[in-house]
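Those letters in the sequence shown? Residues 13 to 966, by this note's numbering.
Where a beta carbon is used, it is the ideal one built from N, C-alpha and C, also for glycine.
This report concerns only the one structure given below.
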Amino acid sequence: MNSKKKIVTLAGVSLVATAGVVASTNEVKADTTSDNVQTEVKSQTADQQAQAKVDQAQSNVNSASQATSAAQAQLDSANAANSAAQADVNSQQAIVNDAQAKVDAATSSVSTAQDAETKAQQNADQATSANIRKAQDAIANQEAQISKDTDAINNANKAVSDAQSTVDAVQKKVNDATTARDNQQKNVDATNDAVKNAQAILDNSDQAKKQAQDALNQANQKVADATTAVNNKQTDVNNAAEAKKNADEALKNANDAQTSAQKNKDAKQAVADGASAALADANAAVKDAQAKVDAINDKLASFNTITLPAGYKDDLIAYYNYFGNSNYNQDEANNLAQDLLKYRDQAMSQNKFKDNLSDDRVVDIDNLNSTDRAELSQFVASLINQVRTQMGTNLVISSPAADDYAEQVSQNYNKDNWNSADNGKHDQSALNNATDQLNISWNGENMGLDQSIFTTDYTVLTDGTKLPTGNKQTINDLKHLIYDDFISMMFDDADSAWGHATNFAGIDNFAAEKQAVGFSLDKFYNTHYDLVEANQKVEENSYTLPSINALTQKLADAKDDLSIKQTDQASKQKANDDAQNALSSANQVLVAAQNDVKDKTATAQNANDNLTAAQKALAALQNQLSADQSNQKQAKTTFDSFDADLATKQANLQKATDSLKAEQGRLAIAQADLDNANKALSNANNNLAQKKQVVENNKEALKADNDKLVQLQNNLSDLQNAPKLLATAKEQVATAQKALADAQEAYNVANDKLTSLKQTAAGTATNVSKAQQALAEAKNNEATAKEALNQAQQELVKLQQKEALAKQVAEEQAKLAAEKEAKDNGYHIENNQVVDAKGNSVNGWTVKGNQIVSPTNATVDSAVSETTNVNVDSKGQVQPQTSVTTNGVKTVAATESANPVSTTTVQTREQYKQQLKSNNQLPQTGNNDSAVLSLAGVALAAMLSLFGIKKREY
């Protein structure tokens, strides 16, 4: 549409330009008819050539545009490939970095393992009998030393205990001496007060008497307060005694709990030991069960299997379902069928027949007995069920009835002499007759057309195996043939619209919910795989399929046994874990109980200390009460002494003075006793600290000796196990070196791949650059092609416009020629015929309506007189004329001429120019020529107006 519009638009411009060319001639003359035809032929030829150039240019533009699009697509593809390649490089670089890290780690592991091997070698070198005996002697000596260390610690602990007892005893003496000294000081103070009171009484001072009264009152109050304090402290003592009783009870309970925890720990230890032994037995049982599973798996390796390539299932189902598509298209169906062939090579590669030596017994294939047919049918069923398991469809069974049906079908084929290998068809009557004969409905039949098998020198199967000739074959060879048929039908069945594959796969709508399969060979050695409905008759006495139920069941049983053993192992492992956890918990409980005993012991000791302290405080308060009561008695005696006679007062003063001296002497003795007790306490504490330090020193020595014993024991163990340790070290070195080699190989592979990917990325980058250059070149070519198209289109338009104008001029010239001929010869209409001035009929001229039509189909009006004008002759004389209008073109005829057609009057150039001005006409070479020139003038005016050129003045 657009190209056509552009051509029309360009053609309009060219028309004007062509008219201008025609109008630029000084004189226009009518061409002859032959010249017009020749010009038209030439114009048409030029037009065709121009159009061909336009078409070619347009084709070039289209090709260039397609090339540009292709180049752009190529660039987009190159960019995408380059981005993907660079992403692959980045991803692989991360893999290489990880591989390098693993190499570094493996190198470190090798170094560590080699160091360990060096030490193990040194140990092995030292593992002589003498060195082992020496190590044993060193251990014995060390154990003796540890025994001595233990005895020393025990003795030191006893010494600490004795020293502590001494400290405690001396501390008691210090405490008692302090109390005695303090009490004695109070006695001295009281005696001193008594002396003062005796003196005041002797002096009979009112003030002293008042003081004595006050002292008595104070003494009474002190006794009352002391009595209250004693009573309160007695309560504290009672509470402390109760607390001690409770603490002792708690300590007893803690000791009982510790004993119970110890027993529980011992019991848990026994359980843990038993669980550990049971776990060891379970591990051994799992190992044996795993060995059985492995053995069965080895046997399974010789059994034939069918594996569907990934994606095959979905594509086969999609192909089959497409037949129910409302928009079904045969071409699309064919494409889907061909798509399935992409799995053929992979399936052929991954599904290979496995020979079984136990199937090498020879049978007569012309007379297969029921046992042989049953075994072959079971083999077929096992293959089908493997496929159907992967397809998720219903499994088939194999049974005597299904075998009988297949054999009956073959017999019917033989009876009908039906060789499907020749006619390419199934014998449905044979199938239907078998159904009627055995009352078994068939669902489908697959056939292997192997009529030449065993009859030529040998038969080559799909996998290249050559089967020998003759009717004596092994069961293994027959199974190989069946397997070959099966592989071909499943993965190379496009020619049969994958009907065999859908039958075996069980996705055919005709497949019964329960199906059985039977196998047979007809007399043409075509193999029959007949699928029938598994009714009650067919299901009866169905076989146990060896490749699925027998060995697979044994494997399943072995795996079940392994699972049971593994479950038992897991149970034993859990029991062991539980036992170990319980033992750990029991140990924790024991430790907690021991800590609780320790805490309760401290609490009981604290309660005992509190009771002792309370009792001491009570004793002190009781002593204080006793002293206060004595002071009270003394205060009362003193107060009463104010009423005694003088001699008594004097005697009391003397007595008080003597008593003061005596108490002061006893105070000096008490202070000396206290000083001696403190000195003894200091000595006892120093001795205790020394004894404790001995214990700590002995403990450090014991720890060091124990550590040395462990070292000696490890050394002995290393010497005794030197070969094993060295072998283990070497294995660890080998393992580490292998790990390093594997890591290095992995790194090399990864790095090589990285190098390849980098090269690929470099290539894709180069491709991008080339694609960019190609796109630029394509765009440049497209622009050039478009410019060439534009020029070709312009040339075509110009030519078309020139041709159109030329045709128009030719037609007008033909008409003028006809008019001239008619005028010159006086053609007119008589009796509906064209006649000349003499009345003769004009050949080739006809009448149409009221007009004369020339042989060139130009229409000419009949000459009719209208007006009379004058014309100036060559001499300047006026001649009367008759103006005749012929098809809009005015001609002039002389009146004096007997001929009704006028003759042209000759004028001078000046007369002609004068007439031109008066008539406002273009210059004429003749009346007819003036009409042509008028037409050319119209075209010229159009051209001049287009290019802005002014009309030329004459």
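*Measure how close the beta-carbons of Glu387 and Ile487 come, nearest whole angstrom, since I'm counting them as under 8 Å.*
Working through the sequence shown from its first residue, we reach residue 387 at position 375. Working through the sequence shown from its first residue, we reach residue 487 at position 475. So it is a contact: roughly 6 Å between Cβ atoms.
*Tell whether a beta-carbon distance below 8 Å holds between Ala974 and Asn94.*
Beyond the ends of the chain as shown, which are 13 and 966, falls residue 974; an answer cannot be given.
*Which same chain residues, not among the five before or five after Lys661, have their C-beta less than 6 Å away from its C-beta?*
Here residue 661 is taken as the residue at index 649 of the sequence shown, counted from 1. Here the set comprises Ile213, Leu214.
*Euclidean distance between Cα positions of Lys208 and Thr669*: Here residue 208 is taken as the residue at index 196 of the sequence shown, counted from 1. Here residue 669 is taken as the residue at index 657 of the sequence shown, counted from 1. So the alpha carbons of these two residues sit roughly 9 Å apart.
*What beta strand (DSSP E) runs, 3 residues minimum, are completely inside the region 507–539?*
Entirely contained in the region 507–539, the beta strand (DSSP E) runs reaching 3 residues are, in chain order, 527–533.
*With a threshold of 16 other CB atoms inside 10 Å of the CB of Asp507, please say whether the residue is buried or exposed.*
Looking up residue 507 in the sequence shown gives position 495. Asp507 should be labelled exposed.
_Option nearest Asp836 by Cα separation, candidates Gln825, Ala849, Lys354, Lys827_ = Position 824 of the sequence shown, counted from the start, is the residue given in the question as residue 836. For the residues Gln825, Ala849, Lys354, Lys827, the minimum Cα distance to Asp836 belongs to Ala849.
*Just how far apart, CA to CA, sit Trp857 and Leu801?*
As a working note, residue 857 is residue 845 in the sequence shown. As a working note, residue 801 is residue 789 in the sequence shown. Trp857 and Leu801: Cα-Cα distance of roughly 47 Å.
*When you compare only the Cα positions, how much space is there between Ala568 and Leu543?*
Reading the sequence shown from its first residue, position 556 is the one you call residue 568. Reading the sequence shown from its first residue, position 531 is the one you call residue 543. So the alpha carbons of these two residues sit roughly 28 Å apart.
_Within the continuous beta strand (DSSP E) that includes His840, where are the two ends?_
Stepping through the sequence shown from its first residue, residue 840 is reached at position 828. In the DSSP annotation of this structure, the continuous segment of the beta strand (DSSP E) that includes His840 starts and ends at 840–842.
_Among the candidates Ala359, Gln197, Gln812, whose CA atom is the shortest distance from the CA of Tyr495?_
By one-based count along the sequence shown, residue 495 stands at place 483. Of Ala359, Gln197, Gln812, the residue nearest in Cα terms is Ala359.
_Distance check for Thr776 and Leu87, CA to CA, integer angstroms please._
As a first step, residue 87 must be located in the sequence shown, where it is residue number 75. As a first step, residue 776 must be located in the sequence shown, where it is residue number 764. The C-alpha of Leu87 lies about 10 Å from the C-alpha of Thr776.
*What does a CB cutoff of less than 7 Å around Asn698 pick up in its chain, not counting 5 residues either side in sequence?*
In the sequence shown, counting from the first residue as 1, residue 698 sits at position 686. Excluding sequence neighbours, Asn698 sits near nothing in its chain.
*Inter-residue Cα distance where the pair is Leu602 and Lys610*: Residue 602 sits at position 590 when you count from the first residue of the sequence shown. Residue 610 sits at position 598 when you count from the first residue of the sequence shown. Roughly 12 Å separates the two Cα atoms.
*Could you please give the first and the last residue of the uninterrupted alpha helix (DSSP H) stretch that includes Gly775?*
Numbered from 1 along the sequence shown, position 763 holds the residue referred to as residue 775. Its alpha helix (DSSP H) spans residues 734–837.
*Option in Ala659, Ser141, Ala238, Asn337 with minimal Cα separation from Asn216*: Reading the sequence shown from its first residue, position 204 is the one you call residue 216. Its Cα nearest to that of Asn216, the residue Ala659 stands out among Ala659, Ser141, Ala238, Asn337.
*Go to Lys478, then tell me how far its beta strand (DSSP E) extends in each direction, as first and last residue.*
Here residue 478 corresponds to residue number 466 of the sequence shown, with the count starting at 1. Its beta strand (DSSP E) spans residues 478–480.
*For Ala284, I'd like the list of residues in its chain whose CB is within less than 8 Å of its CB, leaving aside the five on either flank, ordered along the chain.*
Stepping through the sequence shown from its first residue, residue 284 is reached at position 272. Here the set comprises Asn588, Ala591, Gln592, Ala594, Leu595.
_Between the CA atoms of Asn599 and Asn267 - distance to the nearest angstrom_ = Here residue 267 corresponds to residue number 255 of the sequence shown, with the count starting at 1. Here residue 599 corresponds to residue number 587 of the sequence shown, with the count starting at 1. Going by the C-alpha atoms only, they are around 16 Å apart.
*Under a three-way DSSP split, which group does Tyr541 fall into?*
Mapped onto the sequence shown, residue 541 falls at position 529. Looking at Tyr541 - three-state DSSP - the assignment turns out to be strand.
*Should Gly518 and Asn363 be called a contact, given that it needs their Cβ atoms to be closer than 8 Å?*
As a working note, residue 518 is residue 506 in the sequence shown. As a working note, residue 363 is residue 351 in the sequence shown. It is not a contact, given that the beta carbons lie outside the stated cut-off.
*Outcome for Glu129 when other beta-carbon atoms lying within 10 angstroms are tallied against a minimum of 16*: The count along the sequence shown starts at 1 and reaches residue 129 at position 117. Counting the other Cβ atoms within 10 Å of the Cβ of Glu129 gives 16 or more, which makes it buried.
*Do you know how far the Cα of Tyr417 is from the Cα of Ser554?*
For the purposes of this step, residue 554 is identified with residue 542 of the sequence shown, where counting begins at 1. For the purposes of this step, residue 417 is identified with residue 405 of the sequence shown, where counting begins at 1. Inter-residue distance for Ser554 and Tyr417 is about 14 Å (C-alpha atoms, whole angstroms).
_Simplified DSSP state of Glu457, which is helix, strand or coil_ = As a working note, residue 457 is residue 445 in the sequence shown. It is a strand residue.
*Could you tell me the distance, in whole angstroms, from the CA atom of Asn265 to the CA atom of Thr247?*
Taking the sequence shown and counting its residues from 1, one reaches residue 265 at position 253. Taking the sequence shown and counting its residues from 1, one reaches residue 247 at position 235. Each residue's alpha carbon lies about 27 Å from the other.
*Which residue comes first and which comes last in the alpha helix (DSSP H) that contains Val186?*
Translated into the one-based positions of the sequence shown, residue 186 becomes position 174. It spans 141–215 - the alpha helix (DSSP H) in which Val186 sits, taken as one unbroken run.
*Can you tell which of Glu794, Ala64, Lys304 has its C-alpha closest to the C-alpha of Gln78?*
On the sequence shown, residue 78 is found 66 positions in, with the first residue counted as 1. Nearest neighbour of Gln78 by Cα position, chosen from Glu794, Ala64, Lys304, turns out to be Glu794.
*Contact check, Gln104 vs Leu766 under 8 Å by CB: the rounded distance?*
Counting from 1 along the sequence shown, the entry for residue 104 is found at position 92. Counting from 1 along the sequence shown, the entry for residue 766 is found at position 754. That belief holds up - the Cβ atoms of Gln104 and Leu766 are roughly 5 Å apart, short of 8 Å.
*Where do the N-terminal and C-terminal ends of the beta strand (DSSP E) with Lys860 fall, by residue?*
Here residue 860 is taken as the residue at index 848 of the sequence shown, counted from 1. Secondary structure note for Lys860: its beta strand (DSSP E) is the uninterrupted segment 858–860.
*Determine the contact status of Lys566 and Ile308, defining contact as a CB-CB distance below 8 Å.*
Here the question's residue 566 lines up with position 554 in the sequence shown. Here the question's residue 308 lines up with position 296 in the sequence shown. In terms of Cβ geometry, Lys566 and Ile308 form a close pair [threshold 8 Å].
*Can Tyr425 and Asp534 be called in contact, C-beta distance under 8 Å?*
Here the question's residue 425 lines up with position 413 in the sequence shown. Here the question's residue 534 lines up with position 522 in the sequence shown. Yes, they are a contact pair.
*What's the C-alpha gap between Ile396 and Asn521?*
Locating residue 396 in the sequence shown gives position 384, where the first residue counts as 1. Locating residue 521 in the sequence shown gives position 509, where the first residue counts as 1. Distance between Ile396 and Asn521, taken at the CA atoms: about 17 Å.
_Let's test the definition: count the other Cβ atoms within 10 Å of the Cβ of Asp428 and tell me whether it reaches 16, buried, or not, exposed._
Locating residue 428 in the sequence shown gives position 416, counting from the first residue. Counting of Cβ neighbours within 10 angstroms places Asp428 among the exposed residues, the total staying below 16.
_With a threshold of 8 Å on Cβ separation, who are the neighbours of Gln646 within its own chain once the five nearest residues in sequence on each side are excluded?_
The sequence position of residue 646 within the sequence shown is 634, counting from 1. By the criterion of a C-beta distance shorter than 8 Å, Gln646 is surrounded in its chain by Ala202, Ala206, Ala231, once the five residues flanking it on both sides are discounted.
_Assuming Val601 is part of the alpha helix (DSSP H), what are its boundary residues?_
Counting from 1 along the sequence shown, the entry for residue 601 is found at position 589. Where Val601 is concerned, the enclosing alpha helix (DSSP H) stretches over 563–653.
*Please determine if the region 805–821 and the region 111–118 are in contact, where contact requires at least 3 C-beta pairs separated by less than 8 Å.*
No, the region 805–821 does not touch the region 111–118.
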